[in-house]
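Asks: Chains as they are written, first to last, in the numbering used here: chain A, 1 to 170; chain B, 1001 to 1170.
C-beta: ideal position from N, C-alpha, C; glycine also.
Just so we're clear, the structure is a prediction, and the values are computed from it rather than from any experiment.
For reference, the structure I am asking about is given below.
Protein chains: 2
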Amino acid sequence: MTISSPGAAGASRPDAAVDPGFEVVDKSLTASRALLGVIARSLAPVMDAVTLPQFRVLVVLSNFGPLRMGELAVRLGTNQSTFSRFADRMVAGGLIARSASTENRREVIISLTEEGSRICAEVTRSRRQEISVVLSRLSGPEQETVLAGFEVFARAAGEPRADETLILGL
Amino acid sequence: MTISSPGAAGASRPDAAVDPGFEVVDKSLTASRALLGVIARSLAPVMDAVTLPQFRVLVVLSNFGPLRMGELAVRLGTNQSTFSRFADRMVAGGLIARSASTENRREVIISLTEEGSRICAEVTRSRRQEISVVLSRLSGPEQETVLAGFEVFARAAGEPRADETLILGL
DNA sequence: CGTCATGATTGCTATAGTACATATATTGCA
DNA sequence: TGCAATATATGTACTATAGCAATCATGACG
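As C-alpha cells, this is what we get:
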C-alpha cells in the first residue's frame, strides 16, 4: 500500500518507527515458512493418533487444565452439540475423559488422559528438538543474531489470539 | 539425540556449531507462534471462499501453472479419484477450471480461474501487509536486527518440504 | 412445588475429504 | 486391427466436522 520510502523521502530519525523495506518483509516471509516447517514436523509423528482440531483441544486442556464442555466449545468456537460429539470421538480415542462435576451435577468436566497428556508433551519436546537441530548448525554468534532478531520480532508481533490460530486448526 | 555440549565438553572454537541454549530455543518458539498468527490472519479473509486444502491447490497452481489432474493429485498426496471429486467442488466454486489438453485428449488440465488467482494474490498481499504492520512498529536498527536474525535462521532451516507443510493443510 | 434458566446430549441433516474398486476414453504399439 | 497402458471419472462407502432444533437433567428462585 504505502510505497513511500522514508530513507529516500526524508531524514530518518534514529529509533523512530519506519516503513519496512522489501527485503526485511521478504526475509520475514521466508522465515515464517521455515518455522511453519518446524511446526509441521513436530506435529507429524502424532498425526496418526489425533487430528489437528483434536490436538488443539489437547493444547487448550494442557494450558488451562480441566474445563467444562460448554467452556471448551466456546474456546474452540464451535457449537456445543458439535463439541459434544467431537468429545465422543476423543473419549473413544482415549485422549480425554469425561467426569461429573462435584458441585454441579449438570456440568461435565473434560480432562486429559495420560495418553492425551503424553501426546501434548511429545509435540512440545519434538518442536524444541526441531528448533535445536536447526540452531545447532549455527555458530554461537550466529545463534546470538537469531536470538536478537526473534526477540525483537516476537515483542513487536505479540502472541497471536486464540481465534486466529484456530483458523489453521492450531 | 546428541546431548554432548561442546561448550562444556571442551574449548569452544569460534564459528563452530554449538548446542543452542534454552533461551534461543524458547525465543524461536515464541517467534514461530507470532509468525503463525501472521499466516493465520492473512488466510482469514478468504476462508469463507475456500477451505485450507483448496487453498493449497490454488498455491500449487499459482507456483507451477496449469497442471494435469494426476500431477496435482500426486503433489497433494491424495488418490486420483479423491482429487477428481475435490476438483469438482473447486470447479463448482469457480476457483479452478478444467480444460482438455490440446495434444492428448485423455489429459485434463487444471488452471486457476480469475477468482482463484485473485484469492491467491490477496493472501500474499495480506501476508506482506501483516508483516509490514508488525515491522513498522520497529525502528530502522531494530528492523535490521530482525532482518539479520531471520536471514541466518532461514538459511539454516531451509525451505520446508511440500509434504511437511501439507500436514497443516498448507 | 412450579417455573424458568442452564448445561449437556441426541435426532437429523449437510458438507468436505478420503479411498478402493470399477468403468470409460484415449493413446501407443504389436 | 486389437490389446495393453494411461488418464480420468464414477459407484460406493466411510469418517470428521458442523449446526439447528429438540430433549433431558439439574439447579435456582419465587
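Could you give the distance in angstroms between the alpha-carbon of A/Phe150 and the alpha-carbon of A/Leu166?
Replies: Distance between the alpha carbons of A/Phe150 and A/Leu166: 23 angstroms.
Asks: Pull up the DSSP beta-bridge partners for A/Val91, would you.
Replies: In DSSP, A/Val91 forms no bridge with anything.
Asks: Under a three-way DSSP split, which group does B/Leu1112 fall into?
Replies: In the structure shown, B/Leu1112 sits in a strand (DSSP, three-state: E or B).
Asks: Throw me the rounded Cβ distance for the A/Ala148 and B/Thr1145 pair, which I believe falls under 8 angstroms.
Replies: A/Ala148 to B/Thr1145, Cβ: 5 angstroms. Contact.
Asks: Measuring only the C-alpha atoms, how far is B/Glu1107 from B/Ala1100?
Replies: C-alpha separation (whole angstroms): 6 angstroms.
Asks: Taking the straight line between their C-alpha atoms, what separation do you get for A/Phe86 and A/Pro141?
Replies: Each residue's Cα considered, the two are about 48 angstroms apart.
Asks: Determine the closest residue to A/Arg75 out of A/Pro45, A/Arg56 and A/Thr102, with distance taken between C-alpha atoms.
Replies: Answer by Cα proximity: A/Arg56.
Asks: Given a threshold of 16 other Cβ atoms within 10 Å of its Cβ, counted over all protein chains shown, does B/Ala1105 qualify as buried or as exposed?
Replies: It should be pointed out that residue 1105 of chain B corresponds to Arg in this sequence rather than to Ala. The residue in question, B/Arg1105, is exposed, as its Cβ has fewer than 16 Cβ neighbours within 10 Å.
Asks: Per DSSP, what kind of secondary structure is B/Glu1071 in: helix, strand or coil?
Replies: If DSSP states are grouped into helix, strand and coil, B/Glu1071 belongs with the helices.
Asks: Just how far apart, CA to CA, sit B/Arg1059 and B/Val1018?
Replies: The amino acid at residue 1059 of chain B is misidentified as Arg; the sequence shows Val. Taking the straight line joining both Cα atoms gives about 37 angstroms.
Asks: Starting from B/Ile976, trace the beta strand (DSSP E) in both directions and tell me its first and last residue.
Replies: No information on residue 976 of chain B is available, as it lies outside the stretch 1001 to 1170 that chain B covers here.
Asks: Would you say B/Leu1112 faces chain A, with C-beta separation under 8 angstroms as the test?
Replies: False, the Cβ-Cβ gap to chain A never drops below 8 angstroms.
Asks: Buried or exposed: B/Gly1010, going by 16 or more other Cβ atoms within 10 Å of its Cβ?
Replies: With a pLDDT of 39 at B/Gly1010, under the threshold of 50, the modelled position of this residue cannot be trusted; read the value that follows with caution. Exposed is the call here.
Asks: Within a Cβ cutoff of 6 angstroms, which residues of the same chain sit near A/Gln129, ignoring the five residues on either side of it in sequence?
Replies: For A/Gln129, where only same-chain residues beyond five positions count, there are no Cβ hits under 6 angstroms.
Asks: Report yes or no: do three or more beta-carbon pairs, one from the region 36 to 46 of chain A and one from the region 1022 to 1042 of chain B, lie closer than 8 angstroms?
Replies: A contact exists between the region 36 to 46 of chain A and the region 1022 to 1042 of chain B.
Asks: Taking only three categories from DSSP, how would you classify A/Ser136?
Replies: Correct three-state label for A/Ser136: coil.
Asks: Specify whether the region 1157 to 1164 of chain B and the region 154 to 163 of chain A touch according to this definition: at least 3 beta carbon pairs, one from each stretch, less than 8 angstroms apart.
Replies: Judged by Cβ distances under 8 angstroms, the region 1157 to 1164 of chain B makes no contact with the region 154 to 163 of chain A, as fewer than three pairs qualify.
Asks: Excluding the five sequence neighbours on either side, which residues of its own chain have a C-beta within less than 6 angstroms of the C-beta of A/Val152, listed in chain order?
Replies: For A/Val152, where only same-chain residues beyond five positions count, there are no Cβ hits under 6 angstroms.
Asks: Bridge partners for A/Ala121 per DSSP, in chain order?
Replies: Bridge partners of A/Ala121: none, in fact.
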